[in-house]
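Going by this note's numbering, the sequence shown opens with residue 719, and the numbers climb by one from there.
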Amino acid sequence: MMFGFAPFLIRLGLRLWLVCFLLVNLIMFIGQKTSSDEIAFQSEPDGQHDLYLMDIGHGFIVRLTNTPALEIRPRWSPDGQRLAFAANPDGSWDVFVLDMASHQLERLTNTPANNNLPTWSPDGQSIIFESDRDGLKRLYIMNVDGTNQRPLTYGGVSWSDAQPSWWPGEEVLFVSDRDGMRDVYRLRVEDGVVSRVTYDNTNDGALEWSPDGRRFAWASERDLSTDGCSGRVGFSQRCLLHVDMYIMNPDGAALKLTEKSGGYWSPTWSPDGRWLVFAGEVRDHLQLFISSADGGELLQITHGDFSSTYPAWRP
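Okay, structure coming up:
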């Protein structure tokens, strides 16, 4: 089947979710131009998830996909010229890559199983993704053209490995419940050796390495509260209320970025490592926020009676 690609500018007057004064505040909030001002993300202003591109420096939002399928969880190639994501044109999820220059779309996986959450190798030649083709979620790797698909993690029949994020080297962070709770693990790609990174009595998830590979951001339930939980947005069978964003520093200390009521999810770093954009729950919907990587004030950058989530800052 044809899988269409239809980019067009969204008029910022109708269902307004990034208003002009907010853009001015955002530019003042950041203070100076970063190496890239463009963020890809998924949103559902018309009721189904498609991919969009936000230029936070100039106030443009471009719609990248417009098909009967759902397109979710975008991730940029290291050169910023291609966008990997998951879509379900046949019902199950598969990995696709969009070339931003030619607007050509390539399908990399085509199985009855779900293939999701692609992440690029630092050299742009391989993609790791999660797949349940063997019954439970495992990490798989493939060439950038979709060939040579093979498993990276193995295990018993009772746990899942998911949410990979490739370090700027030969290691991958991922989330697994192989020891009971969902914790962060590190995988050495060359030999498959796995080591545990976080040891919490709560669930962790939504990982993203910093561009220099010295820190990573993640979401954690360690301060979870369920009071007033709407139950609309799930995180380990519970809502996102008081699921917070953290940064793991090189010394092993965790910096908490969020303190306010509401859950936070799916972080992405600016190319210079100074800023983070992530999703947070606002009145039963997810919206995008920006924060300094050193902590401090949050600024909401999307609005609407629908969700916008899974941001990916363009290199």
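Where is the CB? At the ideal position from N, CA and C, for every residue including glycine.
Taking C-beta to C-beta, are residue i and residue j nearer than 9 Å?
i: S878; j: S894; result: yes
i: L854; j: F847; result: no
i: W983; j: L994; result: no
i: V780; j: S795; result: no
i: Q1018; j: L1004; result: no
i: E889; j: R900; result: no
i: P985; j: S754; result: no
i: T785; j: A804; result: no
i: A661; j: R933; result: Outside the displayed range of the chain (719 to 1033) lies residue 661, so it cannot be described from this structure.
i: D812; j: R825; result: yes
i: E762; j: F1024; result: yes
i: S938; j: D969; result: no
i: P840; j: P792; result: no
i: I790; j: L771; result: no
i: N828; j: I845; result: no
i: A924; j: M966; result: no
i: S1009; j: L1016; result: yes
i: P929; j: D1002; result: no
i: V907; j: F892; result: no
Starting from residue i, trace the beta strand (DSSP E) in both directions and tell me its first and last residue.
i: S878; result: From DSSP, S878 is part of no beta strand (DSSP E); its letter is neither H nor E.
i: I1018; result: As written in the sequence, residue 1018 is Gln, which differs from the Ile given in the question. Counting along the chain, the beta strand (DSSP E) containing Q1018 begins and ends at 1016-1018.
i: A974; result: It should be pointed out that residue 974 corresponds to Lys in this sequence rather than to Ala. It spans 972-974 - the beta strand (DSSP E) in which K974 sits, taken as one unbroken run.
i: G998; result: 993-1000
i: L870; result: Neither: L870 is in no beta strand (DSSP E) and is coded neither H nor E.
i: H1003; result: 1003-1010
i: P985; result: 982-987
i: E939; result: Looking at the DSSP string, E939 is not in any beta strand (DSSP E), and its letter there is neither H nor E.
i: D962; result: 962-966
i: E762; result: Run containing E762: none; DSSP gives neither H nor E here.
If we count the other Cβ atoms within 10 Å of its Cβ and call it buried at 16 or more, is residue i buried or exposed?
i: G998; result: buried
i: T837; result: buried
i: S849; result: buried
i: R914; result: exposed
i: T1059; result: With the chain covering only 719 through 1033, there is no way to say anything about residue 1059.
i: M746; result: The predicted model places M746 with a pLDDT of 46, which falls under 50 and marks its position as unreliable; any figure quoted below should be read in that light. That one is exposed.
i: T783; result: buried
i: G981; result: buried
i: Q843; result: exposed
i: Y917; result: exposed
i: Y1028; result: buried
i: Y872; result: exposed
i: H776; result: exposed
i: P807; result: buried
i: K751; result: Annotation note: pLDDT 48 at K751 (below 50); position unreliable, no value reported.
i: N833; result: buried
i: H767; result: buried
i: Q760; result: buried
i: G1014; result: exposed
i: V911; result: exposed
i: V875; result: exposed
i: A819; result: exposed
i: N1038; result: Past the edges of the chain, shown from 719 to 1033, lies residue 1038, and the structure says nothing about it.
i: L958; result: With a pLDDT of 41 at L958, under the threshold of 50, the modelled position of that residue is not reliable, and no figure is offered here.
i: Q822; result: exposed
i: E756; result: buried
i: A802; result: buried
i: L870; result: buried
i: L835; result: buried
i: E926; result: buried
Could you tell me which residues DSSP puts in a beta bridge with residue i?
i: W927; result: F934
i: D812; result: A805
i: S1025; result: In the DSSP output, where bridge partners are listed per residue, S1025 has none listed.
i: E888; result: Answer by DSSP bridge pairing: none, since E888 is not bridged.
i: R914; result: Y903
i: R800; result: D817
i: D922; result: S938
i: S883; result: L891
i: D897; result: M899
Determine, using beta carbons only, whether residue i comes closer than 9 Å to chain C.
i: D755; result: The structure shown contains no chain C; it is built from a single protein chain.
Which residue spans inside the segment 767-792 form an unbroken beta strand (DSSP E) run of at least 3? 768-773, 778-781
List, from N- to C-terminal side, the beta strand (DSSP E) runs of 3 residues or more that fit wholly inside the segment 811-868. 812-817, 823-825, 833-838, 844-849, 856-861
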